[in-house]
Every structure is written in structure tokens, then in C-alpha cells.
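Quick notes on the structure that follows.
There are 2 protein chains.
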Amino acid sequence: MADLKATIEACNVKFMERYSSGDMKGLSELYTEDCQFMPPGSETKTGRKAVEEAFGAMKPGVAKITLNTEEVGGISEGDVAFERGNFTMSKEDGSSAGVGKYLVIWKNVGGVYHLHIDCFNTN
Amino acid sequence: MADLKATIEACNVKFMERYSSGDMKGLSELYTEDCQFMPPGSETKTGRKAVEEAFGAMKPGVAKITLNTEEVGGISEGDVAFERGNFTMSKEDGSSAGVGKYLVIWKNVGGVYHLHIDCFNTN
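Here the protein sequences line up with chains D and B, keeping their order.
Under the working numbering, the letters of the first sequence match residues 47 to 169, in that order.
Under the working numbering, the letters of the second sequence match residues 47 to 169, in that order.
This is how it looks when you write it as C-alpha cells:
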């Protein structure tokens with residue numbers, strides 16, 4: 047399970063880097079093509095384009111997102127895992143834009159773990 | 047996977063019944079003892095007592111919760127599963143108190159599936 051946590055954390059590093067640099071298309075490619083994105087304040091959205099747009103809309107107010115994995119578990123034959131964690135959001139000047147938590151289902155597609163279902167909210 | 051969905055839906059019937067009748071202790075026993083409860087607006091809470099209190103605090107404004115399973119998936123060897131779904135909340139007079147969505151990690155403890163991690167938000 048240590049390997050799984052390292053795998054997921056490595057993907058989360060890419061998530062944070064791509065968000066910070068504004069590469070929302072690259073960020074969306076960390077998700078499966080048929081992902082379910084479940085943000086607060088709207089219905090569940092499906093697919094990478096929705097993810098790209100959602101994070102694009104968030105960027106003006108939130109310069110940076112920091113993800114912190116708390117727990118990973120449960121793989122079925124190496125293909126599906128869950129991750130529970132928390133996140134902090136920061137403005138351009140480094141001040142807080144809020145904190146929250148998330149539950150993600152990760153799916154191995156073609157040997158690479160992708161975010162498949164992503165549900166989160168703020169505290 | 048059809049069996050898993052039926053199992054989870056049967057547990058959700060108990061969830062809805064116990065919530066409606068105000069049996070929050072019974073409701074909390076549908077969760078694992080070390081569950082992680084992730085509601086919007088507060089930090090992650092651990093354990094059944096926190097679940098009991100959270101739903102007790104919700105009851106005056108929300109008479110009834112209806113859960114609708116959209117998707118279930120197995121994670122590891124029959125012991126861990128995930129469920130993605132949506133919910134509606136109703137007031138005493140039947141009018142809407144909001145709609146939302148959830149992602150739950152279910153864990154088989156002693157042959158019975160329990161909610162183990164529950165993350166949700168409103169639309």
C-alpha cells in the first residue's frame with residue numbers, strides 16, 4: 047500500500063503543478079476520459095472537458111491548490127483504489143482561499159492511475 | 047456487481063428509514079466504528095457518535111433524505127466497494143430542502159457492509 051500511496055502522491059504533484067501553471071488541459075488528462083467530477087454547488091459533471099472548464103473557472107480566485115493524501119486503500123486486482131485527503135487553496139499573494147477535503151476513486155487505465163471519481167467540499 | 051448494488055441499496059433503505067424516524071443512533075450503526083464522515087462546512091469527523099450528532103442536527107430542517115445509487119464498484123476482494131449517488135432532502139411538508147451528491151466507501155465488517163467513508167455536497 048506504500049507503493050500505491052507513492053503512486054497517487056506522484057500524480058497529485060502533477061495535479062498541483064499543472065493547476066498552478068494554468069495547464070488545465072494537462073490537468074484534465076490526469077482524469078479518466080469518462081470521469082465523474084463532483085464539485086460543490088453544481089451537478090456531477092462527466093468527462094475531461096468539464097474538469098478543464100471547472101478548474102479554469104476556479105483559477106482567477108485560487109492561484110494554487112495543495113493536496114494532502116491522508117489515506118489510500120483497497121485495490122481490486124491493481125485496478126481501482128480510493129484516496130481520502132484534504133486540500134488548501136491559496137490566492138496569488140499566498141493568503142488562504144479556503145480549505146477542504148476530498149474522496150477520490152482512482153482507476154488504472156493503460157498502466158497509469160487516473161482520477162476517476164472526485165468528490166470534494168470545503169470546510 | 048448487481049448483487050453488490052442490491053446489498054448497498056438495501057442498506058440505504060435502512061439509512062432512509064432510520065433517518066426519517068429520527069433513529070440517529072441506529073443510523074450511525076450503519077457506519078463502521080472508525081468511519082470518516084466528510085460533510086460540507088466542517089472538518090472530517092471520525093466515528094459513529096459524530097455521525098449520530100451530525101444527522102441529529104440536520105433533522106429539524108430536513109425531515110427526510112432520499113438516496114439514489116447511480117453506480118457501484120468493487121475495490122478489493124469483496125471487502126471494499128465504492129458507491130456514487132445523489133440525494134434529495136425534503137422538509138416536513140414535502141417541499142425540497144435541497145439536492146446533492148455523494149461518494150461512499152463501503153467496507154465489509156463481519157459480513158455486513160458498512161459506510162466507511164462518506165463525502166458529500168449539495169448542488
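Heads up, the beta-carbon is just placed ideally off N, CA and C, and yes, glycines get one too.
As the structure is a computational prediction, the values presented were derived from the model and not from experiment.
Below 6 Å CB to CB, which residues in the same chain sit around D:Y77 once its five sequence neighbours on both sides are set aside?
For the purposes of this step, residue 77 of chain D is taken as residue 31 along the first sequence, with counting starting at 1. Hits under 6 Å: R94, V97, H160 and L161.
At 8 Å on the CB atoms, spell out the chain B contacts of D:F61, in chain order.
For the purposes of this step, residue 61 of chain D is taken as the residue at position 15 of the first sequence. Those within 8 Å of D:F61 in chain B number zero; the least Cβ separation is about 18 Å.
Taking CB distances under 8 Å as the criterion, tell me whether D:A127 reaches chain B.
Taking the first sequence and counting its residues from 1, the one referred to as residue 127 of chain D is at position 81. Output row for D:A127: interface = yes.
Minimum C-alpha distance to B:D164 - residue among B:S142, B:T90, B:E117 and B:K71
Position 118 of the second sequence, counted from the first residue, corresponds to residue 164 of chain B. Comparing Cα-Cα distances from B:D164 to each of B:S142, B:T90, B:E117 and B:K71, the minimum goes to B:T90.
B:A127: buried (16+ other C-beta within 10 angstroms of its C-beta) or exposed?
The residue labelled residue 127 of chain B in the question sits at position 81 within the second sequence. Counting Cβ neighbours within 10 Å, B:A127 comes out buried, since at least 16 surround it.
Going by DSSP, what residue range makes up the alpha helix (DSSP H) through D:V97?
Indexing the first sequence from 1 puts residue 97 of chain D at position 51. Residues R94 to M104.
Cα separation between D:I54 and D:N169?
Your numbering for residue 54 of chain D matches position 8 in the first sequence. Your numbering for residue 169 of chain D matches position 123 in the first sequence. C-alpha separation (whole angstroms): 23 Å.
For B:M104, which of B:E129, B:I121, B:K153 and B:M135 has the nearest alpha-carbon?
Numbered from its first residue, the second sequence carries residue 104 of chain B at position 58. The option with the nearest alpha carbon to B:M104 is B:M135.
Bounding residues of the beta strand (DSSP E) (the contiguous stretch that carries D:K110)
Stepping through the first sequence from its first residue, residue 110 of chain D is reached at position 64. That run of the beta strand (DSSP E) goes K110 to G119.
Rounded to whole angstroms, what is the Cα-Cα separation between B:S63 and B:K71?
Residue mapping note: residue 63 of chain B aligns to position 17 of the second sequence, counting from 1. Residue mapping note: residue 71 of chain B aligns to position 25 of the second sequence, counting from 1. First, the residue type needs correcting, since residue 63 of chain B is Glu and not Ser in the sequence shown. Near 12 Å, if we compare the C-alpha coordinates of B:K71 and B:E63.
Using a Cβ-Cβ distance under 8 Å, would D:E89 count as near chain B?
Looking up residue 89 of chain D in the first sequence gives position 43. Interface residue, yes.
Contact set between B:N167 and chain D, taken where Cβ atoms lie within less than 9 Å
If you number the second sequence from 1, residue 167 of chain B lands on position 121. Chain D residues near B:N167: M84, P85, P86, G87, C165, F166, N167 and T168.
Using the three-state DSSP reduction, which class does B:E89 fall into: helix, strand or coil?
Stepping through the second sequence from its first residue, residue 89 of chain B is reached at position 43. Correct three-state label for B:E89: coil.
C-alpha distance - D:E129 paired with B:A100, whole-angstrom precision
Locating residue 129 of chain D in the first sequence gives position 83, where the first residue counts as 1. Locating residue 100 of chain B in the second sequence gives position 54, where the first residue counts as 1. Looking at the two C-alpha atoms, the distance is approximately 23 Å.
Own chain partners of B:L149 with C-beta closer than 6 Å, once the 5 adjacent residues on each side are dropped
Taking the first residue of the second sequence as 1, we reach residue 149 of chain B at position 103. So the qualifying residues of the chain are R130 and C165.
Among residues of its own chain, excluding the 5 on either side of D:N58, which ones have a beta-carbon nearer than 6 Å to its beta-carbon?
Walking along the first sequence from the start, residue 58 of chain D turns up at place 12. Counting only Cβ-Cβ distances below 6 Å, and skipping sequence neighbours, we find L113.
Between the CA atoms of D:G107 and D:N132 - distance to the nearest angstrom:
Counted from its first residue, the first sequence places residue 132 of chain D at position 86. Counted from its first residue, the first sequence places residue 107 of chain D at position 61. Rounded to whole angstroms, D:N132 to D:G107 spans 19 Å at the Cα level.
Let's test the definition: count the other Cβ atoms within 10 Å of the Cβ of D:K137 and tell me whether it reaches 16, buried, or not, exposed.
Taking the first residue of the first sequence as 1, we reach residue 137 of chain D at position 91. The residue in question, D:K137, is exposed, as its Cβ has fewer than 16 Cβ neighbours within 10 Å.
Per DSSP, cross-strand counterpart(s) of B:G146:
For the purposes of this step, residue 146 of chain B is taken as residue 100 along the second sequence, with counting starting at 1. B:F133 and B:T168.
Have a look at B:T92 and D:N167 and give me their C-alpha separation to the nearest angstrom.
Locating residue 92 of chain B in the second sequence gives position 46, where the first residue counts as 1. Locating residue 167 of chain D in the first sequence gives position 121, where the first residue counts as 1. The alpha-carbon atoms of B:T92 and D:N167 are separated by roughly 17 Å.
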